[in-house]
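Student: Numbering (my numbering), first residue to last: 5 to 271.
No residue lacks a Cβ here, since even glycine has one placed at the ideal position from N, Cα and C.
For clarity, every value in this text was computed on a predicted model and none was experimentally measured.
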Ligand SMILES: NC(=O)c1ccc[n+]([C@@H]2O[C@H](COP(=O)([O-])OP(=O)(O)OC[C@H]3O[C@@H](n4cnc5c(N)ncnc54)[C@H](OP(=O)(O)O)[C@@H]3O)[C@@H](O)[C@H]2O)c1
């Protein structure tokens, strides 16, 4: 039954995507279910691209940004698309997360994407000169923020039809893949993110909520500034791939950790 439901959701999503490709900003047909997606860190990079692509599919998007006044591209997207709403949110501010959840009380959120993340700066993560304040900040943004978001928005997700929570992880969070000494803070924060999302997956499975982790692969955003462009993929490709994986997320495969090509990553 659940497999049939997943197939239906996948086919419906594919159909909506096809329509979105044909029309820039399609109005959903009357009677069509319009899912709601909440994305953190949506002012630039991967988060902005999630907002763009879900909006192009016809979803309602609640796009959060630390500093909406400076979020030029996101504001332009929202101005061109009435289904995109910009909200101010710093994911380290738990009172602000609770306030946003209260503002949206009664709104079903089909997909919560914990995307906001920081690297902590490679220069702060050199053994012998480790900058522990930077470590604390990385944990607050990359690890604690997503769990607090999931906790605060669980009623909204549970009330929705698709009931999905996704965190943007990284191959750097895979303990099994570590074979070099670098990025202590970032790697630790993403490994801990993976663990807490896996625990959460089992916490909420019986409520019909599924939880997944997606790896965008090396993507051309500010986070990768300085790396040769030839090593990086455009955000549009990374997001398209992650969305394909997210579309398959159900309670049956909850706690999956996906590489962008759909392979399962080693923990
Ligand atoms: N790019 C890659 O190759 C790659 C690979 C693996 C995983 N990832 C993950 O992908 C996610 C998105 O990163 P990106 O590549 O798109 O980098 P990015 O362009 O630097 O974007 C990071 C986003 O996170 C936001 N953010 C940072 N601290 C925040 C806070 N305290 N509260 C709310 N938002 C905050 C940033 O907002 P501001 O603009 O206000 O700073 C920005 O919107 C991250 O979780 C990252 O770890 C990226």
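Suppose you measure from the CA of residue 115 to the CA of residue 202; what does that come to, to the nearest Å?
Tutor: Residue 115 and residue 202: Cα-Cα distance of roughly 17 Å.
Student: Could you check how far apart the C-beta atoms of residue 262 and residue 217 are, in whole angstroms? I think they sit under 8 Å.
Tutor: Rounded, the Cβ-Cβ distance is 7 Å, consistent with contact.
Student: Is residue 94 close to ligand 1? I mean its beta-carbon at under 7 Å from any heavy atom of the ligand.
Tutor: The answer is yes for residue 94.
Student: Measure the C-alpha to C-alpha separation of residue 132 and residue 126 and round it to an integer number of angstroms.
Tutor: In a straight line, the C-alpha of residue 132 is about 13 Å away from that of residue 126.
Student: Looking at residue 49 and ligand 1, is the gap between the Cβ and the nearest heavy atom below 7 Å?
Tutor: Yes, Cβ of residue 49 sits closer than 7 Å to a heavy atom of ligand 1.
Student: Looking at chain D, is there any beta carbon in it that lies within less than 8 Å of the beta carbon of residue 39?
Tutor: This model lacks chain D altogether; it includes just one protein chain.
Student: Once the 5 residues before and after residue 25 are set aside, which same chain residues still bring their CB inside 6 Å of it?
Tutor: Residue placement at residue 25 cannot be trusted, given a pLDDT of 35 that sits under 50; what the coordinates show is reported in the next sentence. Closer than 6 Å at the Cβ level, and outside the excluded window around residue 25, lies no residue.
Student: If contacts are defined as beta-carbon pairs under 8 Å, then residue 66 and residue 89 qualify, I think. What distance do you get, rounded to the angstrom?
Tutor: Indeed, because the Cβ distance is near 5 Å, the residues count as touching under 8 Å.
Student: How many Å lie between residue 150 and residue 35 at the Cα?
Tutor: The alpha-carbon atoms of residue 150 and residue 35 are separated by roughly 33 Å.
Student: Go through its chain and collect everything with a Cβ distance to residue 219's Cβ below 7 Å, but skip five positions before and after it.
Tutor: So the qualifying residues of the chain are 173, 174, 175, 262, 263, 264 and 269.
Student: What residue does the beta strand (DSSP E) around residue 76 start on, and which one ends it?
Tutor: No beta strand (DSSP E) contains residue 76, which is instead part of the alpha helix (DSSP H) from 76-84.
Student: If you count every other CB in all the chains shown that lies within 10 Å of the CB of residue 161, and 16 or more means buried, which is it?
Tutor: It counts as buried.
Student: Counting Cβ pairs, one atom from each stretch, are 3 or more of them under 8 Å apart for the region 151-170 and the region 198-212?
Tutor: Touching, per the Cβ criterion.
Student: CB-CB under 6 Å to residue 257, same chain, minus the five flanking residues each way: which ones, in chain order?
Tutor: Around residue 257: no qualifying Cβ.
Student: Any heavy atom of ligand 1 closer than 7 Å to the beta-carbon of residue 79?
Tutor: Answer for residue 79: no, Cβ out of range of ligand 1.
Student: Please indicate yes or no: does the CB of residue 220 lie closer than 7 Å to some heavy atom of ligand 1?
Tutor: Under cutoff, so the answer is yes.
Student: Using the three-state DSSP reduction, which class does residue 161 fall into: helix, strand or coil?
Tutor: Looking at residue 161 - three-state DSSP - the assignment turns out to be helix.
Student: For residue 117, which of helix, strand or coil comes out of DSSP?
Tutor: The answer is strand: DSSP assigns residue 117 an E or B state.
Student: When you compare each of 250, 271 and 163 to residue 58 by their alpha carbons, which one comes out closest?
Tutor: Per the Cα distances, 250.
Student: Between the C-alpha atoms of residue 163 and residue 233, what's the straight-line distance to the nearest angstrom?
Tutor: Their Cα atoms are separated by approximately 42 Å.
Student: When DSSP labels each residue in this structure, what does residue 154 get in the three-state scheme?
Tutor: Note: residue 154 maps to helix in three-state DSSP.
Student: Can you tell me whether residue 113 is buried or exposed? The criterion is at least 16 other CB atoms within 10 Å of its CB, across all chains shown.
Tutor: Classification of residue 113: buried, given that the 10 Å Cβ count is 16 or more.
Student: When you compare only the Cα positions, how much space is there between residue 30 and residue 169?
Tutor: Bear in mind that the predicted position of residue 30 carries a pLDDT of just 49, short of 50, making it unreliable; the figure below should be weighed with that in mind. Taking the straight line from one Cα to the other gives about 25 Å.
Student: Is any heavy atom in ligand 1 found nearer than 7 Å to the beta carbon of residue 223?
Tutor: Yes, since a heavy atom of ligand 1 falls inside the 7 Å radius drawn around the Cβ of residue 223.
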